[in-house]
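Protein chains in written order, with this note's numbering: chain V, 1 to 214; chain G, 1001 to 1277.
One structure is given here, and the rest of the page talks about it.
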């Protein structure tokens, strides 16, 4: 068991459930859709192993069937936004037959307008946030552009948490199982409060001291 | 953090209409450089502009013919391959940038270097190889409506940007409006561009709070798109070719200018600096 494995085990114990992180991402796309009065909003996660984008959370049109769907990372505008790290806002896109076909293959419907922004965390590119079909009547403004950037930052933070939790869990699953004890201890300690937590900490410190002596 | 702070004081990466008056600047020079001197009568003739992007649809009504198009990739031996590109534009974005440059500088010589299309993995090295090729070709203007966040590439990009600067190859690069460090727009040897809310393609502002140095039209722009069509779009990606086009105009009339001088001319002719611009 390496120190990294142990850290991952502790992280797995305290980071919370997969469902909790997925709910966080879902709330980001739900709020993005509501704020922009949009038809749909999605978060795509980059799977670097397969070089694909994966629908990780969807609000509105397609929310019942798209999560988990994959497509090549160079495909369509989401792919372009990912690779260039540049946000993009397009309107009147229905005149572009190739775009429409690609999009329909991915989502089952063709939007009239699209905002897409890369999800960046430090020097890593984690995925893309898209907001589809905001009201046509309103001209896009810098204030909306800034708002989109803020949402993207929030989505990137949420996605980073989700990825950290998944990494930690995969260490536990792939390991011999020794780390699971540490994860359980960390999880148990997280849920204690007040005197019980203080007593738990004293016990663990005593254990660490005893084990360290040997 | 500096980016966020700067943004609170002044919209350094964008310029809302109500903030225009706030960055009104005066520059007293003994003899005034104005827009008439800078590009009056110029059509960008003889200036070679390279669009480093998703490819360009040659023959698009708003683009016209390209003088050359290449695609950059990596061979199995790990060496970059530069080959003639017959696929056109994979996304529409490069065509959009080319159309904006063409509208401003109708007689410039347009080239395309496609650095996108092979997925996310490897996109950084392809961008680097494409830029190296463009600098070696000595294009007077290179439009880069893209960036990378990889630190290991930043060092190499920096060297290339400096090399371009001294070879009189002007790199015009899109800034980010998000709180992240990305490159090459942050380098002082490139011309970095953000968006303002105006509708005049020749309206551009000098930003007294760098790293973003210029703000050009980037919102609700009618742009060339795939299949000979047009769409409306917003983003710093489209502000950038506005400045690239204006650079082509200036260099068409004053091919002797170094990049430092070109940047000074841009400053002196900016809407918030030049009287009556």
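Ideal Cβ placement from N, Cα and C applies to all residues, glycine included.
Verify whether the separation of the beta carbon atoms of residue i and residue j is less than 9 Å.
i              : j              : result
residue 110/V  : residue 94/V   : yes
residue 1103/G : residue 1088/G : no
residue 1073/G : residue 1084/G : no
residue 1108/G : residue 1049/G : yes
residue 1055/G : residue 1114/G : yes
residue 132/V  : residue 42/V   : yes
residue 1269/G : residue 1077/G : no
residue 1164/G : residue 1193/G : no
residue 1176/G : residue 154/V  : no
residue 136/V  : residue 113/V  : yes
residue 1112/G : residue 1237/G : no
residue 1203/G : residue 1271/G : yes
Here's a check: name, in chain order, each residue in its chain whose Cβ is nearer than 8 Å to the Cβ of residue i, leaving out the five neighbours to either side.
i              : result
residue 1004/G : Low confidence applies here, because residue 1004/G scores a pLDDT of 37, under 50, leaving its location unreliable; read the following figure in that light. Taken in chain order, the residues that qualify are 1179.
residue 1200/G : 1217
residue 166/V  : 18
Can you list, in chain order, the residues of its chain whose CB lies under 7 Å from that of residue i, leaving out five sequence neighbours each side?
i              : result
residue 1187/G : 1158 and 1161
residue 969/G  : Since the displayed chain G opens at 1001 and closes at 1277, residue 969/G lies outside it and no answer follows.
residue 1001/G : With a pLDDT of only 35 at residue 1001/G, under 50, the local geometry of the prediction cannot be trusted, and no value is derived from it.
residue 46/V   : 53, 73, 82, 125, 126 and 127
residue 1233/G : 1096, 1221 and 1223
residue 1138/G : 1167 and 1169
residue 1135/G : 1160, 1163, 1164, 1167 and 1169
residue 206/V  : none
Can you tell which of the options has the C-alpha that lies nearest to the C-alpha of residue i?
i              : options                           : result
residue 1021/G : 1181/G, 1045/G, 1072/G and 1196/G : 1196/G
residue 120/V  : 1147/G, 1270/G and 1260/G         : 1147/G
residue 17/V   : 198/V, 194/V and 163/V            : 163/V
residue 104/V  : 75/V, 88/V, 89/V and 170/V        : 75/V
residue 1141/G : 1080/G, 1172/G, 1192/G and 1090/G : 1172/G
residue 1061/G : 1050/G, 1126/G, 1095/G and 1090/G : 1095/G
residue 140/V  : 37/V, 159/V, 194/V and 19/V       : 37/V
residue 23/V   : 39/V, 148/V and 58/V              : 58/V
residue 1152/G : 147/V, 122/V and 21/V             : 122/V
residue 1016/G : 1265/G, 1219/G and 1119/G         : 1219/G
For residue i, which residues in the same chain have their Cβ closer than 6 Å to its Cβ, ignoring the five residues on either side in sequence?
i              : result
residue 1042/G : 1249, 1252 and 1253
residue 1010/G : Since pLDDT at residue 1010/G reaches only 47, below the 50 mark, its modelled position is unreliable, and the value read off the structure follows with that caveat. Answer for residue 1010/G: 1209, listed in chain order.
residue 79/V   : 73
Review point. Quick one, which residues of the stretch 56-81 of chain V are near chain G if we go by CB-CB under 8 Å, in chain order?
Key: 72, 73, 74, 76, 77, 79 and 80
Review point. Okay, do the stretch 63-81 of chain V and the stretch 1210-1227 of chain G touch, 3+ Cβ pairs below 8 Å being the bar?
Key: no
Exercise for review: Check whether the stretch 1229-1245 of chain G touches the stretch 1089-1100 of chain G, counting contact only when three or more Cβ pairs, one atom from each stretch, lie closer than 8 Å.
Suggested key: The stretch 1229-1245 of chain G is in contact with the stretch 1089-1100 of chain G.
Check your understanding: Can we say the stretch 48-55 of chain V touches the stretch 28-35 of chain V, given the rule of at least three CB pairs closer than 8 Å?
Key -> no
Exercise for review: Could you tell me whether the stretch 1265-1277 of chain G touches the stretch 1217-1231 of chain G, where touching means 3 or more Cβ pairs closer than 8 Å?
Suggested key: no
Review point. Using a Cβ cut-off of 7 Å, which residues of the stretch 1213-1232 of chain G contact any Cβ in chain V, in chain order?
Key: Cβ contacts with chain V: 1219, 1220, 1225, 1226, 1227, 1229, 1231 and 1232.
Practice item. May I ask you to list, following chain order, the residues of the stretch 1038-1063 of chain G that have a beta carbon less than 9 Å from some beta carbon of chain V? Key: 1053 and 1054
Exercise for review: Could you please tell me which residues of the stretch 1141-1163 of chain G, in chain order, have their CB closer than 7 Å to any CB of chain V?
Suggested key: 1145, 1146, 1147, 1148, 1149, 1150 and 1151
**Study point:** Residues in the stretch 29-51 of chain V having any Cβ partner in chain G nearer than 7 Å
**Key:** 46, 48 and 51
**Study point:** Members of the stretch 1072-1093 of chain G near chain V, C-beta cut-off 8 Å
**Key:** 1090, 1091, 1092 and 1093
Review point. The stretch 138-160 of chain V: which residues have C-beta closer than 8 Å to a C-beta of chain G, in chain order?
Key: 139, 140, 141, 142, 143, 145, 146, 149, 152 and 153
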